[in-house]
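**Student:** Residue numbers (the numbering used here): 5 to 343.
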Amino acid sequence: MPKTKIIATLGPASSSATVIRKMMLEGMDVVRLNFSHGSHEGHKAKLDIVRILNKKYRRRIKVLQDLQGNRIRIGLLKDHKPMELKKRQIIRLTQEGVIGEEKIIPFDYRGPLSDIKAGQFIYIDDGNIALVVKEKTKRTLKAWVMTGGFLKENKGVNIPGAHLSFPAITEEDKTDIQFGIENKVNYIAQSFVRSRIDVLAVKERISKELPGCLIIAKIECRQGIKNIDEIIEVSDGVMIARGDMGISVPIYEVPIIQKQIIKKCNLAKKFVITATQMLESMTENLIPTRAEVSDVANAIIDGTDFVMLSAESAVGKYPVETVAMMNNIIKFTERHLSR
Numbered sequence: 005m006p007k008t009k010i011i012a013t014l015g016p017a018s019s020s021a022t023v024i025r026k027m028m029l030e031g032m033d034v035v036r037l038n039f040s041h042g043s044h045e046g047h048k049a050k051l052d053i054v055r056i057l058n059k060k061y062r063r064r065i066k067v068l069q070d071l072q073g074n075r076i077r078i079g080l081l082k083d084h085k086p087m088e089l090k091k092r093q094i095i096r097l098t099q100e101g102v103i104g105e106e107k108i109i110p111f112d113y114r115g116p117l118s119d120i121k122a123g124q125f126i127y128i129d130d131g132n133i134a135l136v137v138k139e140k141t142k143r144t145l146k147a148w149v150m151t152g153g154f155l156k157e158n159k160g161v162n163i164p165g166a167h168l169s170f171p172a173i174t175e176e177d178k179t180d181i182q183f184g185i186e187n188k189v190n191y192i193a194q195s196f197v198r199s200r201i202d203v204l205a206v207k208e209r210i211s212k213e214l215p216g217c218l219i220i221a222k223i224e225c226r227q228g229i230k231n232i233d234e235i236i237e238v239s240d241g242v243m244i245a246r247g248d249m250g251i252s253v254p255i256y257e258v259p260i261i262q263k264q265i266i267k268k269c270n271l272a273k274k275f276v277i278t279a280t281q282m283l284e285s286m287t288e289n290l291i292p293t294r295a296e297v298s299d300v301a302n303a304i305i306d307g308t309d310f311v312m313l314s315a316e317s318a319v320g321k322y323p324v325e326t327v328a329m330m331n332n333i334i335k336f337t338e339r340h341l342s343r
């Protein structure tokens, strides 16, 4: 049995019993339900399939509920169509509840805009679109487009360096946590953890009704990296969420941060998950890149307990084959480590 376990995100490409069964047989150990997307009804349907398959095949596939967390997102756009942003264009990001069109773009940050300073960069859609803040009013930011592209609604927004005002648990997360309690999930992953306070808030919320559930702190912002020791201390496990991390800090810092967090978790005897873009090219291609295979193998060599698939298994063309590839990398790497 491989020591390193596979977490696979379920989504449109992997919502049927047939596909989930094949992923299970190829080596999937944990399913991830991403609450940044989908409905409670959709997540419940997938969860029910997993539990039916567990019973039928005498497996113990576990369920990880991944909360949205304090995530800023783009609001609704006119006709739900992408909006083209061109380099050097001036646009306005507004907290007003408007439908986005022309140069007005709604976003859902609920804190004061005084948290955001002129000159700070704003990254949208994992950094594919970049803005720089020029001016602001009480409810609107005026910004230059530095890197253009097609903006889609509901895309994530990152503002590195800004000290944003967020609650420990959002109202959306409270509702989603209740879903997790009622459906007895095995893990709850809290996004954008900044300090031990964020983790303890979730632990307190589930302690009476779901005491066996393990809390995972997702490390993906600079504050979380800075406070990693206190976060590890109060968490059951840690997820190295490299997507947003690679926007919050310079992308070239991510590999060393990853190695440092894995080592700290190993020493503290807390499990650690390495996540994001591990076999990203398999979203479209049947064979991963050599760099991706090396990435997975090196995380295993460093001591990660889990490797995670995101878009690859949720919306990719080859969810089953991706799990099989991940399993092959794990088995071969671990076989040579044991020599």
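Each residue gets a CB set at the ideal place from its N, CA and C atoms; glycine is no exception.
(1) Can you tell me the Cα-Cα spacing of L214 and E88, whole angstroms?
(2) Pair every Cβ in the region 179-188 with every Cβ in the region 260-272, then say whether three or more of these pairs are closer than 8 Å.
(3) Roughly how many whole angstroms lie between the Cα atoms of K48 and V23?
(4) Relative to the C-alpha of E316, which candidate in I305, N302, P292, T308 has its C-alpha closest?
(5) Within 10 angstroms of its Cβ, does V297 collect 16 or more other Cβ (buried), or is it exposed?
(6) So, at 8 Å on beta carbons, what are the nonlocal neighbours of M5 in its own chain, with the 5 sequence-adjacent residues on each side left out?
(7) Check whether the region 228-244 and the region 133-153 are in contact - that is, three or more C-beta pairs closer than 8 Å.
(8) Inspect the beta-carbon positions of R200 and Q227 and report whether they are closer than 7 Å.
(9) Can you give me the C-alpha to C-alpha distance between F310 and Q281, rounded to a whole angstrom?
(10) Since A122 and L135 are thought to touch, with beta carbons under 8 Å apart, how far apart are those beta carbons, to the nearest angstrom?
(11) Within this structure, are the beta carbons of I10 and G31 separated by less than 7 Å?
(12) Checking the sheet assignment: what are the DSSP bridge partners for E88?
(13) Going straight from the alpha carbon of A301 to that of T337, what length do you get?
(14) Between which two residues does the beta strand (DSSP E) harbouring A245 extend?
(15) Residues in its own chain within less than 6 Å of C225 by CB, not counting five upstream and five downstream?
(16) Closest to L14 by CA distance: which of Y322, G73, T98 is it?
(17) Would S18 be called buried (16 or more neighbouring beta carbons within 10 Å of its own) or exposed?
(18) Starting from E205, follow the alpha helix (DSSP H) in both directions and report where the run begins and ends.
(19) Helix, strand or coil for N162? Go by DSSP, reduced to three states.
(20) With DSSP as the reference, label V297 as helix, strand or coil.
(21) Looking only at its own chain, which residues have a Cβ that is under 6 Å from the Cβ of P164, when we skip the five neighbours before and after it?
(22) For a test of the three-state rule: what should DSSP assign to M249, helix, strand or coil?
(23) With a cut-off of 8 Å on the beta carbons, I'd call L80 and E157 a contact; round off their distance for me.
(24) Which class does T98 belong to by DSSP, given the choice of helix, strand or coil?
(25) Leaving out five residues on either side along the sequence, give the residues of the same chain with a beta carbon under 6 Å from the beta carbon of D129.
(26) Taking C-alpha atoms, which residue in I65, D299, G307 lies nearest to S342?
(27) For the pair the region 66-85 and the region 28-46, tell me if three or more CB-CB distances fall below 8 Å.
(28) Among G250, R92, I255, V276, which has the Cα closest to the Cα of I236?
(29) What does a CB cutoff of less than 8 Å around Q262 pick up in its chain, not counting 5 residues either side in sequence?
(30) Using a Cβ-Cβ cut-off of 6 Å (strictly less than) and excluding sequence neighbours within five positions of Y127, which residues of its own chain qualify?
(31) Which residues bound the beta strand (DSSP E) around E257?
(32) Keeping to the same chain, check which residues put their C-beta closer than 6 Å to that of S335; ignore five residues upstream and five downstream.
(33) Are the beta-carbon atoms belonging to A166 and Q124 less than 7 Å from one another?
(34) Tell me whether R114 sits in a helix, a strand or coil according to DSSP, three-state version.
(35) Would you mind stating whether I219 and V203 have Cβ atoms separated by less than 7 Å?
**Tutor:** Result, derived from the coordinates:
(1) The alpha-carbon atoms of L214 and E88 are separated by roughly 45 Å.
(2) no
(3) 16 Å
(4) P292
(5) buried
(6) none
(7) no
(8) no
(9) One C-alpha to the other measures close to 14 Å.
(10) Going by Cβ atoms, the distance from A122 to L135 rounds to 12 Å, so no, they are not a contact pair.
(11) yes
(12) F154
(13) 6 Å
(14) Its beta strand (DSSP E) spans residues 241-245.
(15) F196, S252
(16) When each option's Cα is compared against that of L14, the closest is Y322.
(17) Buried: at least 16 other Cβ atoms inside 10 Å.
(18) The question names Glu, but residue 205 is Ala in the sequence shown. Counting along the chain, the alpha helix (DSSP H) containing A205 begins and ends at 200-210.
(19) strand
(20) helix
(21) S252
(22) M249 carries a helical assignment under DSSP once its states are collapsed to helix, strand and coil.
(23) L80 to E157, Cβ: 5 Å. Contact.
(24) strand
(25) K159
(26) G307
(27) They touch, by the three-pair rule.
(28) V276
(29) I244, R246, T278, A303, D306
(30) A134, N162, I251
(31) Segment: none, E257 is in no beta strand (DSSP E) and carries neither H nor E.
(32) Checking the sequence, you will find Lys at residue 335 rather than Ser. P6.
(33) Between A166 and Q124, the C-beta gap is smaller than 7 Å, which places the two residues in contact.
(34) coil
(35) For I219 and V203, yes; Cβs fall inside 7 Å.
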